[in-house]
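Asks: Going by the numbering used here, the sequence shown opens with residue 7, and the numbers climb by one from there.
Positions of the beta carbon are idealized from the N, C-alpha and C atoms, including for glycine.
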Amino acid sequence: MSGLLAARAQMGTSLIFHIVFSVLGVGIPLLLCLAEGLALARKDPVWMTLARRWAKAAVIIFAIGAVSGTIVEFELGLLWPTYIKFIGAVIGPLFAFEGFAFFLEAIFFGIYMFTWDIIPPFWHWVSSFPIWIGGLASTWFIVTTNSWMNTPTGFVFKNGKLVAIDSLQAIANPSTPYQTVHMALACYVACGFGVAAIYAFAMIRGKRDDYHRKGLLLALAMATVATPLQIVSGDFNARFLATAQPAKLAAMEGVFKTSSHVPLNIGGIPDAKTGTFILSIPIPDGLSLLATYNPNGVIRGLDAYPPRDRPDPVVVHLAFDGMVGSGFFALFVAVVFWLLYFKRKRIIPEYTLLLMGVALSGFLSFLAVELGWIVTEEGRQPWVISGYLRTSDAVTNAPFLGGSFVVFALIYIVLAVTMIVLLLHLARSPLPEMRWEEVSSGKQAGNKAINQTMKIGS
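(1) Only counting the same chain, and skipping five residues up and downstream in sequence, which positions put a Cβ closer than 8 Å to that of Ala63?
(2) In the DSSP assignment, the alpha helix (DSSP H) including His91 goes from what residue to what residue?
(3) If you measure between the beta carbons of Ser153 and Gln185, is that distance less than 7 Å?
(4) For Met228 and Gly200, I'd like the C-alpha separation in whole angstroms.
(5) For Ala206 versus Leu345, is the C-beta distance shorter than 7 Å?
(6) From Ile70 to Leu421, what does the alpha carbon distance come to, in whole angstroms?
(7) At which residues does the beta strand (DSSP E) containing Trp389 begin and terminate?
(8) What number of angstroms, rounded off, separates the C-alpha of Ile66 from the C-alpha of Ile204?
(9) Helix, strand or coil, according to DSSP, for Phe262 in the structure here?
(10) Please give the ranges of any alpha helix (DSSP H) in the stretch 361-428, keeping only runs that are unbroken, at least 4 residues long and fully inside the region.
(11) Under the DSSP definition of a beta bridge, which residues are partnered with Asn271?
(12) Mark Trp129 as exposed unless 16 or more other C-beta atoms lie within 10 angstroms of its C-beta, in which case mark it buried.
(13) Tell me which residue opens and which closes the alpha helix (DSSP H) that Lys220 is part of.
(14) Use the C-beta contact count for Tyr194: other C-beta atoms within 10 angstroms, 16 or more gives buried, fewer gives exposed.
(15) If you follow the alpha helix (DSSP H) that Val304 is part of, which residue opens it and which one closes it?
(16) Check this for me: beta carbons of Leu308 and Phe246, under 7 Å apart or not?
(17) Please classify Phe283: does DSSP put it in a helix, a strand, or coil?
(18) Mark Ser265 as exposed unless 16 or more other C-beta atoms lie within 10 angstroms of its C-beta, in which case mark it buried.
(19) So, do the stretch 86-93 and the stretch 394-412 have three or more beta carbon pairs nearer to each other than 8 Å?
(20) Is it buried or exposed, Gln450, if we count other Cβ atoms within 10 angstroms and call 16 or more buried?
(21) Can you say whether Ala248 is buried or exposed, counting buried as having 16 or more other CB atoms within 10 angstroms of its CB?
(22) Are the Cβ atoms of His218 and Ala225 separated by less than 7 Å?
(23) Count the other CB atoms within 10 Å of the CB of Asn453; is the residue buried (16 or more) or exposed (fewer)?
(24) When the Cα atoms are used, what is the spatial distance from Met54 to Met189?
(25) Any contact of the stretch 312-326 with the stretch 374-393, i.e. 3+ C-beta pairs under 8 Å?
(26) Using the three-state DSSP reduction, which class does Asp327 fall into: helix, strand or coil?
(27) Between Pro317 and Gly385, is the Cβ-Cβ spacing less than 7 Å?
(28) For Phe163, which three-state DSSP category applies?
(29) Based on Cα-Cα distance, which residue from Phe411, Leu44, Arg14 and Thr19 lies nearest to Gly221?
(30) What separation, rounded to the nearest whole angstrom, lies between the Cα atoms of Val375 and Ser367?
(31) With a CB to CB cut of under 8 Å and the five nearest residues on each side skipped, what residues in its chain are close to Ile354?
(32) Would you list the one or two residues that DSSP bridges to Asp315?
(33) In the DSSP output, which residue or residues are listed as bridge partners for Asp277?
(34) Say whether the stretch 232-240 touches the stretch 131-146, bearing in mind that this needs 3 or more beta-carbon pairs closer than 8 Å, one atom from each stretch.
(35) Apply the 10 Å Cβ neighbour rule to Met155 and answer buried if 16 or more other Cβ atoms are within range, or exposed otherwise.
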């Protein structure tokens, strides 16, 4: 295995693993915040039970995600030293900002988990806001860094050196609003369908109590709200790529020749040798209309770039179609679910086939996230920083990268098994029988703690 291939394989494995925790770290805190808010508004112990169970799961995921995220940061320096030298001078502050967001999230996770019966319920609920806000902020900072890699700004590259550096301009690069919004929505979509899938699977196995019904409803509601917004965001993204990253769009859609009246090919496999598609469903003028609102719109093809500067259209197109197909399938299942739900006067449709569709949507939503990142990263190749630094020039020349890949792969296997074992243990533990009087007693406990603190202080 060559050094470049080993480094890319190791980095790809790390990101594919870590992005799952990133998605859950953004989505689950919002879910538990919503569940606790509903519990307080409706004085419903079932919602509070959901919030407490999700909080425990979130802590497990947060802890293991912190480990995998730390590994990714070390790998950036170990595998891509030239890239770190380049990026650190321009957009390095974003890593520091991400660290602050991480610590904000971690601190309030501690407050949230250890003050259930100490502070009043309302203020305990308020303490959950910095958790999901911190997770969302971390995602924004990291994705902004990736956005800059796609459309780098905020510097001048002169005589092999970076000069006239403007980090604020780099942070506000053209891709930032498109990628950050798209990724944030992806977190809510995938996490919503993922959590709903767990409860749908439990209901298929006969667990159709109020706890599982409400868990399914809230998670699916979050996913259903986010999915149409995600589709609109994706449409804006693709249109932006037509001018900002035309090579990536050409690879996504398998456009080999620059022309007008470009069709939109659904499915199929692009053949770079013949410049045609195999087994696709072409929609005449479709891509020109989507990208430019004009059937005469010109789409730049891969022929506009030297062969060494072209991303692989087979990998990028298949990943893109897989992402879009998975998203639309999940949306279809959600629409059918809610139509039946309201038709039955707010009674959950417990048809086994529909629940199986929800369970499958959970898997496909996370698959869509993984495929989306493949589109983002492979679509930028052969550049690690578009137009300035090639991936082959950024990799380390250190030996034994093949062995390093094996070691880190084993670490991720251990982390994955640990997470699964802990979450299964949590899922199999009996639910507490909670009464609302016990939940609201946190108010008295909180007042008692405050009075005791005042006594100590005096």
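Replies: In short:
(1) Ile34, Leu429 and Leu432
(2) What sits at residue 91 in the sequence shown is Lys, not His. That run of the alpha helix (DSSP H) goes Pro87 to Ile97.
(3) yes
(4) 11 Å
(5) no
(6) 7 Å
(7) Trp389 to Ile391
(8) 17 Å
(9) coil
(10) 397-400
(11) Pro288
(12) exposed
(13) Asp216 to Ala250
(14) buried
(15) Val304 -> no alpha helix (DSSP H), and no H or E assigned at all.
(16) no
(17) strand
(18) exposed
(19) yes
(20) Caution applies to Gln450, whose pLDDT of 44 falls short of 50 and renders its modelled position unreliable; the value that the coordinates give is listed next. With fewer than 16 Cβ atoms within 10 Å of its Cβ, Gln450 is classed as exposed.
(21) buried
(22) no
(23) With a pLDDT of only 42 at Asn453, under the threshold of 50, the placement of this residue in the model should not be trusted; the figure read from the coordinates follows. So Asn453 counts as exposed.
(24) 29 Å
(25) yes
(26) helix
(27) yes
(28) strand
(29) Leu44
(30) 12 Å
(31) Arg219, Leu222, Leu223 and Tyr347
(32) According to DSSP, Asp315 bridges with nothing at all.
(33) Thr282
(34) no
(35) buried
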